[in-house]
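Trainee: With my numbering applied, the sequence shown covers 679 to 1371. Structure in structure tokens, see below.
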Amino acid sequence: MISLPYQRYQIGQCTINCYDMTITSNDNTVALPAKVFEFLKLLILYPEQTVTKEQAIEQVWQGNIEVGKRGTGNAIWQLRKSFSELGQQPEHYFKTVTKVGYQLLIQPTPIIKTNSNVIRETVEHKKNVFIAVTVLMLAAIGLFAVQSANKLTQSNTVNTSITPQRITNFEGVEERAAISPDGRFMAFQWRKANAKGHLYIKDLDDDKAPLRQISMSKDTEGVPTWSPDGHSLAYMRHTADNQCFIHVRDLITNQDKQIDSGCISKGYLHSLEWSPNGQYLAYSKAKENRSVIHQYRFSDNTVTALTSPIAGEHDLMVTWSADSSQLAIMRSQENMIAKVMLHTLSTNTTEVIADNETLVIGLDWDHNSNLLYFTALREAAFIIQRYDFDTQTLSSFHQDETISSITISEATNDLYYSRHISQEFITQRSLTDGSIVKQLISSSRDLYGQYFAKTDGLIFLSNRSGDWELWLKEDNKNTMLTDGMGMVSIPATSPQNSMYVAPIRTKGLDYNELYLGDTANQSLVKIPQVKGNVRYASFSVDGSRVYYSSLIDEQWGFYQYDLASEQVKLILNDNIKYAVEDNNQGMYYTLDNVAGIYYLAAGSTQPIKVNNTLRSKDWGSFFFQNNALYYLERSDENDLIKRLTSNGESEIAFKLPAMSIRNERSIAAASDDTIIVSMQGINDADIYRIPLH
């Protein structure tokens, strides 16, 4: 056990109590697990110094290397989560020193009790240091607000005086809150560890009241929305075979009715809402290479398409005006660029009210004040934006870590949102039994590893620098390959050398360009011959060609770029999401919004579907290796890595716990007998509440 000279300390706005292993701030207290608190004590023992991982393993985990490696990453995550729950900014307290260890940034002040009066032992220069740090923080916040100014913005000052109130604190993810019209009840999705999400109702007026579980099926159910009378809930149900249905449940009789199919919702987006007049539901449906907002009318059970996005555009979030005459819509592209739009039903017209926003994942309309709230990414920070329809101005309302879905209660004038804490890591596993050969894990988020067969290196996405950048792990060194270029997408590696390609949306652009890099000389240049809005690329088996999809003149096409001749060739006019080549120059590929894998033989124009089980959310989780197609399949109990052999037989390579592998493009080829897997490590989300006025 680590010994400290005092039992209570003040660190910034937080009080550390060694007697009961708690942290307190503003009358809120969190208790830490024993090992996590020991790790905090070690940081307190060496303030403003780097505590190495080796020190932590030796002193906290008694030299147990394997347990200590995992425990150190988990401990810093727990500390950041706890400080965040107390309304603090964890980055002001803790710093990760890449490859080395961690620092406590603020000098702790011992608290001594004398005659029941608390006296803080303080050296004057420490006061000055703390004051200086505080002033610098405030200055940085002010600078951030100025630099983030949007052309619509009248005022971008974030309301920092708001202290969020935590509403849920369960194990797992609590998301997509919906507040009843009277403000008393909250419907939400709760997804426990390695389980599917189900719907629950919480009594906001009685903390001791038990949760009411609404859905008990074997399917994933979410995106709840209340009827205006508060008697019913509409929601989305996603089945194991990748289908989506709209259901309405009467909360009094408990009767449940399916009213439509073909809906779509990505992540925890606000993709379904009941109109205030009670006559309609608005929701998103997948239509070939786009996503369209539809309206269901209860009086005659008719479904009508409302919006007209072009190919490659997805209308994924929707919220009604108070009089049910207009809809605010979020329209996004592959590169996470989004527009917030206003659609008027009577004239069937749509106008843009906010453009070139990044990562808009929350949207709701405050009917009391006629203000539209939505989330956006600003310099790697999540901001809740507020659009005033009367003055047509945009301002920043609230900032927090990883804000996700938002919802407004008109009855109480409150805004609810989910705050996520995630920690992914990358593993190299045996294709025989799934055992870990190597793993890349840090206190940050490391995702979508791609393997260099010739160098035994690994390129991946990580936010360990504060922004999402490309990193290289090679010879036990971590090197950042991009630095503030813009929004970087998932890379692809050459099977023959140290080259790679990555779609990148550089600052100032609203589309992705394809870049070619070489880790041997740290070069990264744009490929000028590649046109359009590019998405996910891959190399040919011999490394001489790059395959990619691109949107040109509102038409998706699948292209080939020859590295030697620098020539581009159109292969197929289709909305291909991601593709890989086999040994015969045939192409396995997925389509946007479509489950399953297709195969196009070399020289053919007629693809065939060879797999029906790959979820559309796992669009890139397949690769060709050892004359077989490997792909991800999910069941209620397991994530399965399966292979489709040359004779068409499907067999299981190995199993992992359900929902332990990330979505999207989370498996990749490695050496002949191994596979790269991006794992979902820590995934936690709680629902918070803040006042609107």
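Here a beta-carbon is modelled for each residue, glycine too, at the ideal position from N, C-alpha and C.
(1) Let's test the definition: count the other Cβ atoms within 10 Å of the Cβ of Gln-867 and tell me whether it reaches 16, buried, or not, exposed.
(2) Which one of Asp-1296, Thr-846, Ser-910 and Ile-701 has the shortest CA to CA distance from Lys-886?
(3) DSSP on Pro-788, reduced to helix/strand/coil?
(4) Count the other C-beta atoms from every protein chain shown that fall within 10 angstroms of the C-beta of Ala-1280, then say buried if there are 16 or more, exposed otherwise.
(5) Take the Cβ of Ala-1198 as the centre, count every other Cβ of all protein chains shown within 10 Å, and call the residue buried at 16 or more, exposed below.
(6) Could you check whether Gln-1004 and Leu-1020 sit closer than 8 Å to each other, using their CB atoms as the reference points?
(7) Assign Arg-1223 to one of three DSSP states: helix, strand, or coil.
(8) Locate the beta strand (DSSP E) running through Lys-1017, then write down its first and last residues.
(9) Please state the DSSP three-state secondary structure of Thr-1291.
(10) In whole angstroms, what separates the C-alpha of Glu-1315 from that of Leu-1334?
(11) With burial defined as no fewer than 16 other Cβ atoms inside 10 Å of the residue's Cβ, what is the status of Arg-890: buried or exposed?
(12) Can you tell me whether Leu-710 is buried or exposed, with buried defined as 16 or more other CB within 10 angstroms of its CB?
(13) Return helix, strand or coil for Glu-769, following the three-state DSSP convention.
(14) Let me make sure I understand the geometry here. Which of Ser-943, Ser-953 and Met-1177 has the alpha-carbon closest to that of Ala-964?
(15) Determine the extent of the beta strand (DSSP E) in which Arg-854 is found, giving its start and end residues.
(16) Could you tell me which uninterrupted beta strand (DSSP E) segments, each at least 3 residues in length, are contained entirely in the segment 1071–1123, listed from first to last along the chain?
(17) Counting only the same chain and skipping the five closest in sequence on each side, list residues whose C-beta sits under 6 Å from that of Met-864.
(18) What is the rounded straight-line gap between the Cα of Ala-1381 and the Cα of Gly-1221?
(19) Determine the DSSP secondary structure at Ala-753, reduced to helix, strand or coil.
(20) Which residues share a DSSP beta bridge with His-1045?
(21) Count the CB pairs spanning the segment 1287–1302 and the segment 1242–1250 that are closer than 8 Å, and state whether there are at least three.
(22) Just the C-alpha distance for Ala-1336 and Ser-1313, rounded to the nearest angstrom, thanks.
(23) Along the chain, where does the beta strand (DSSP E) containing Gln-936 start, and where does it finish?
(24) For Trp-904, which residues does DSSP report across the bridge?
(25) Quick one: Cα of Asp-1188 to Cα of Val-1212, how far?
(26) Which term fits Asn-1190, buried or exposed, when burial requires 16 or more other beta carbons within 10 angstroms of its beta carbon?
(27) Judging by CA-CA distance, which residue of Asp-1124, His-1045 and Ile-1254 is the nearest neighbour of Ile-1104?
(28) Between Gly-779 and Lys-713, is the Cβ-Cβ spacing less than 8 Å?
Mentor: Taking the structure as given:
(1) Burial call: buried.
(2) Nearest C-alpha to Lys-886: Thr-846.
(3) In this structure, Pro-788 counts as strand in the three-state DSSP scheme.
(4) If you draw a 10 Å sphere on the C-beta of Ala-1280, you find fewer than 16 other C-beta atoms in it, and that means exposed.
(5) Classified as exposed, Ala-1198 has fewer than 16 neighbouring CB atoms from the shown chains inside 10 Å of its CB.
(6) Yes; because the gap between Cβ atoms is below 8 Å, this pair is in contact.
(7) Judged by DSSP in its simplified three-state form, Arg-1223 adopts strand.
(8) Membership of Lys-1017 in the beta strand (DSSP E) is indicated by the continuous run 1015–1022.
(9) Collapsing the DSSP output to three states places Thr-1291 in coil.
(10) Each residue's alpha carbon lies about 9 Å from the other.
(11) With fewer than 16 other Cβ atoms within 10 Å, it is exposed.
(12) So Leu-710 counts as buried.
(13) It is helical.
(14) Each of Ser-943, Ser-953 and Met-1177 was checked against the Cα of Ala-964, and the nearest Cα belongs to Ser-943.
(15) Note, Arg-854: beta strand (DSSP E), 851–857.
(16) Unbroken beta strand (DSSP E) runs of no fewer than 3 residues, entirely contained in the segment 1071–1123, are found at 1071–1078, 1081–1087, 1092–1108 and 1114–1118, following chain order.
(17) Excluding residues within five positions, the ones whose Cβ falls inside 6 Å are Ala-855, Ile-857, Lys-880 and Leu-882.
(18) No statement about residue 1381 is possible, as the shown extent of the chain runs from 679 to 1371 and does not include it.
(19) The answer is helix: DSSP assigns Ala-753 an H, G or I state.
(20) Here His-1045 is not bridged, per DSSP, to any residue.
(21) Flag = no, the segment 1287–1302 and the segment 1242–1250 do not touch.
(22) So the two alpha carbons sit approximately 7 Å from each other.
(23) In this chain, the beta strand (DSSP E) harbouring Gln-936 covers 934–939.
(24) In the DSSP assignment, Trp-904 is bridged to Leu-911.
(25) So the two alpha carbons sit approximately 11 Å from each other.
(26) By the Cβ neighbour-count rule, Asn-1190 is buried, with 16 or more other Cβ atoms within 10 Å of its own.
(27) The shortest C-alpha to C-alpha distance from Ile-1104 to any of Asp-1124, His-1045 and Ile-1254 is the one to Asp-1124.
(28) Annotated as distal: Gly-779 and Lys-713, with beta-carbon spacing of 8 Å or more.
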